[in-house]
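Visitor:
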Amino acid sequence: MNRWEGIDEFVAVAETSSFSRAAERLGVSSSHVSRQISRLEDRLQARLFYRTTRRVSLTEAGHTFLAHCQRLAEERDEAFLAVSDLQGTPKGLLRMTSAVTYGERFIVPLVNAFMARHPGLRVDIHLTNQTVDLVQEGFDLAIRLGRLTDSTLVATRLAPRSMYLCAAPEYLERYGTPHSLSELERHPCLIGTTDAWVFQDEQGHEHVFRARGPWRCNSGAAVLDAALRGFGLCQLPDYYVREHLRSGRLISLLEANQPPNTAVWALYPQKRHLSPKVRLLVEHLKRELPLLPEYRA
1 MNRWEGIDEF VAVAETSSFS RAAERLGVSS SHVSRQISRL EDRLQARLFY RTTRRVSLTE
61 AGHTFLAHCQ RLAEERDEAF LAVSDLQGTP KGLLRMTSAV TYGERFIVPL VNAFMARHPG
121 LRVDIHLTNQ TVDLVQEGFD LAIRLGRLTD STLVATRLAP RSMYLCAAPE YLERYGTPHS
181 LSELERHPCL IGTTDAWVFQ DEQGHEHVFR ARGPWRCNSG AAVLDAALRG FGLCQLPDYY
241 VREHLRSGRL ISLLEANQPP NTAVWALYPQ KRHLSPKVRL LVEHLKRELP LLPEYRA
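Heads up: the sequence shown is residues 1 to 297, going by the UniProt record's numbering.
1. Just reading off the alpha helix (DSSP H) that Arg-105 is part of, what are its end residues?
2. Looking only at its chain, what residues have a beta carbon closer than 8 Å to the beta carbon of Ser-34, apart from the 5 residues adjacent to it on each side?
3. Taking DSSP as the reference, what is the three-state secondary structure of Arg-216?
4. Measuring straight from C-alpha to C-alpha, what distance separates Cys-69 and Val-11?
5. Compare the Cα-Cα distances from Arg-47 to each of Tyr-102, Arg-54, His-63 and Cys-166 and report the closest residue.
6. Closer than 8 Å by C-beta to Leu-289: which residues in its own chain qualify, once you throw out the five before and the five after it? Chain order, please.
7. Ordered along the chain, which non-local residues of its own chain (more than five positions away) have a Cβ less than 7 Å from that of Glu-283?
8. Is it buried or exposed, Asp-140, if we count other Cβ atoms within 10 angstroms and call 16 or more buried?
9. So for His-68, helix, strand or coil by DSSP?
10. CA-CA distance, Pro-260 and Gly-27?
11. Under the three-state reduction of DSSP, which class applies to Leu-224: helix, strand or coil?
12. For the alpha helix (DSSP H) that Arg-144 lies in, which residues bound it at each end?
13. If we count the other Cβ atoms within 10 Å of its Cβ and call it buried at 16 or more, is Leu-93 buried or exposed?
14. Between the Cα of Asp-124 and the Cα atoms of Ser-180, Glu-9 and Ser-98, which residue gives the shortest distance?
15. Just reading off the alpha helix (DSSP H) that Phe-10 is part of, what are its end residues?
16. Buried or exposed for Leu-72, please, with buried defined as at least 16 other CB atoms from any protein chain shown within 10 angstroms of its CB.
17. Roughly how many angstroms lie between the CA atoms of Leu-250 and Gln-258, to the nearest whole one?
18. So what does DSSP say about Val-198, is it helix, strand or coil?
19. What are the start and end residues of the alpha helix (DSSP H) that includes Phe-19?
20. Pull the bridge partners of residue 307 from the DSSP assignment, please.
21. Could you spell out the range, first to last residue, of the beta strand (DSSP E) harbouring Leu-40?
22. Looking at the structure shown, is Ala-155 part of a helix, part of a strand, or coil, going by DSSP?
23. So, with DSSP's three-state summary, where would you put Ser-180?
24. What number of angstroms, rounded off, separates the C-alpha of Phe-49 from the C-alpha of Ser-17?
25. Ends of the alpha helix (DSSP H) at Glu-283?
26. What distance in whole Å lies between the Cβ atoms of Gly-120 and Pro-90, which are believed to be in contact at a cut-off of 8 Å?
27. So which of Pro-276, His-205, Ala-168 and Lys-277 has the shortest CA-CA distance to Gly-232?
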C-alpha cells in the first residue's frame, strides 16, 4: 500500500473546498479524487469531509490531518527542488509582479534578457501599483519600491532609490523657492499616488508633510509632466527626475531634508529552499539594475 496515496487529493479538496476544482488542479477526474478520498478515509478510519450537494467542508479530524499533510507535501516538494537545483537551470513558470512604470522601464527588459538565456523558463508578469498577496494569489516574486511593511516575506535589496523634491525654474521664478519645511505650506503641490511626502527634519527625524494642491494624478509620468510645465512642487523617485535635474529643467529643493534612501526590493514567500528560477533571477536583477545608466549617473 502506498502511504502517500490520497494525500495530494485530500489537500487539493481541502484547499479548494470542491472535488471538481481539486480535480482540475491535479489534472484528473472528479471520480478519481472521490475514490482516493474514500480510500484514505477507510485507511484512517475517520471521516475527513462533510459533503452536501452544495458544499464540502472539513471535519475536526480533517482539520487536524490537513495541517500535517500540508507540511509533509511542502517538505516533499522541497526535497525534489533541492535535487533539481543541483542542475541550477531555471525552468517552468515563474509568476511575478511589479509596479507599472518601474516594471515597464527597468524590470521587464532585464527579465526578457534573463529569459533569452534560459529558454526553459516561462514568465507571467503582472504589472500593477496595487500590493498583491503573493501567497494568496500564487506569485513567486514581487518587485517593490520604497519601505517594506510585510515581515512575512523574504526581502533582497536590489538597488537604491532616492526621493527628490523639485520644481521647474519657471515655477520658482514666479512663486519663490522654499528654504525650509515650514515654507512648503505656501506652495501648490502636484500629488501622485500619495499626499504623504516624507522628509528628514533638522534633527534627523522623519517628518511627514501632507501635500495640498489643485492637481492630482496616480501616475508618476503625469506628475513629472505637470512639474516640467511649472504647475507646482513635486516629490518623485530618482529615475523620474534625474535626467531633468542634470539638464536644469528641474531644480532639486531642500536637499538637506531629503529622506533617507529607500530601495528597490525583491520579495518572495518564505521557503527553506528557493527554486533556481527565483534565486537566479533575483541575482540577475541585483547585478544588472545598478549597471543601468539611470543608476550609474
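Note that beta-carbon positions come from the ideal geometry of N, C-alpha and C, so glycine has one too. If you're wondering where the values come from, they're calculated on a predicted model, not measured in any experiment.
Guide: By the coordinates alone:
1. The residue given as residue 105 occupies position 105 in the sequence shown. No alpha helix (DSSP H) holds Arg-105; DSSP gives it neither H nor E.
2. Residue 34 sits at position 34 when you count from the first residue of the sequence shown. Cβ within range, chain order: Phe-19.
3. Start at 1 with the first residue of the sequence shown, and residue 216 comes out as number 216. DSSP places Arg-216 in strand when its eight states are reduced to three.
4. Translated into positions along the sequence shown, residue 69 becomes position 69. Translated into positions along the sequence shown, residue 11 becomes position 11. Cα to Cα, Cys-69 sits roughly 7 Å from Val-11.
5. Residue mapping note: residue 47 aligns to position 47 of the sequence shown, counting from 1. Arg-47 has its Cα closest to that of His-63, out of Tyr-102, Arg-54, His-63 and Cys-166.
6. For the purposes of this step, residue 289 is taken as the residue at position 289 of the sequence shown. Excluding sequence neighbours, Leu-289 sits near Phe-106, Leu-110, Leu-158, Ala-159, Val-264 and Tyr-295.
7. Your numbering for residue 283 matches position 283 in the sequence shown. So no residue of the chain qualifies.
8. Numbered from 1 along the sequence shown, position 140 holds the residue referred to as residue 140. Answer is buried; the Cβ neighbour count reaches 16.
9. Position 68 of the sequence shown, counted from the start, is the residue given in the question as residue 68. Helix, per DSSP.
10. Counting from one through the sequence shown, the residue named residue 260 turns up at place 260. Counting from one through the sequence shown, the residue named residue 27 turns up at place 27. Going by the C-alpha atoms only, they are around 50 Å apart.
11. For the purposes of this step, residue 224 is taken as the residue at position 224 of the sequence shown. It is helical.
12. Counted from its first residue, the sequence shown places residue 144 at position 144. Careful: Arg-144 lies outside any alpha helix (DSSP H), inside the beta strand (DSSP E) at 141-146.
13. Counting from 1 along the sequence shown, the entry for residue 93 is found at position 93. By the 10 Å Cβ count, Leu-93 comes out exposed.
14. Your numbering for residue 124 matches position 124 in the sequence shown. Among Ser-180, Glu-9 and Ser-98, the Cα nearest to that of Asp-124 is on Ser-98.
15. The sequence position of residue 10 within the sequence shown is 10, counting from 1. Unbroken alpha helix (DSSP H) run through Phe-10: 7-16.
16. Taking the first residue of the sequence shown as position 1, residue 72 is located at position 72. Label assigned to Leu-72: exposed.
17. Mapped onto the sequence shown, residue 250 falls at position 250. Mapped onto the sequence shown, residue 258 falls at position 258. Each residue's Cα considered, the two are about 16 Å apart.
18. Position 198 of the sequence shown holds residue 198. Three-state result, Val-198: strand.
19. The sequence position of residue 19 within the sequence shown is 19, counting from 1. Per DSSP, Phe-19 belongs to the alpha helix (DSSP H) from 19-26.
20. What the structure shows of the chain is the stretch from 1 to 297, and residue 307 is not part of that stretch, so it cannot be assessed.
21. On the sequence shown, position 40 is the one that residue 40 refers to. It is not in any beta strand (DSSP E) - Leu-40 instead sits in the alpha helix (DSSP H) that spans 30-44.
22. As a first step, residue 155 is located in the sequence shown; it is residue number 155 there, counting from the start. Ala-155: strand per DSSP, three-state reduction.
23. In the sequence shown, the residue the question calls residue 180 occupies position 180. In this structure, Ser-180 counts as coil in the three-state DSSP scheme.
24. Locating residue 49 in the sequence shown gives position 49, counting from the first residue. Locating residue 17 in the sequence shown gives position 17, counting from the first residue. Roughly 10 Å separates the two Cα atoms.
25. Looking up residue 283 in the sequence shown gives position 283. Looking at the DSSP string, the run of the alpha helix (DSSP H) that includes Glu-283 is 276-288.
26. Within the sequence shown, residue 90 is the residue found at index 90, counting from 1. Within the sequence shown, residue 120 is the residue found at index 120, counting from 1. Correct: roughly 7 Å between the Cβ atoms.
27. For the purposes of this step, residue 232 is identified with residue 232 of the sequence shown, where counting begins at 1. Considering only alpha carbons, the answer is Ala-168.
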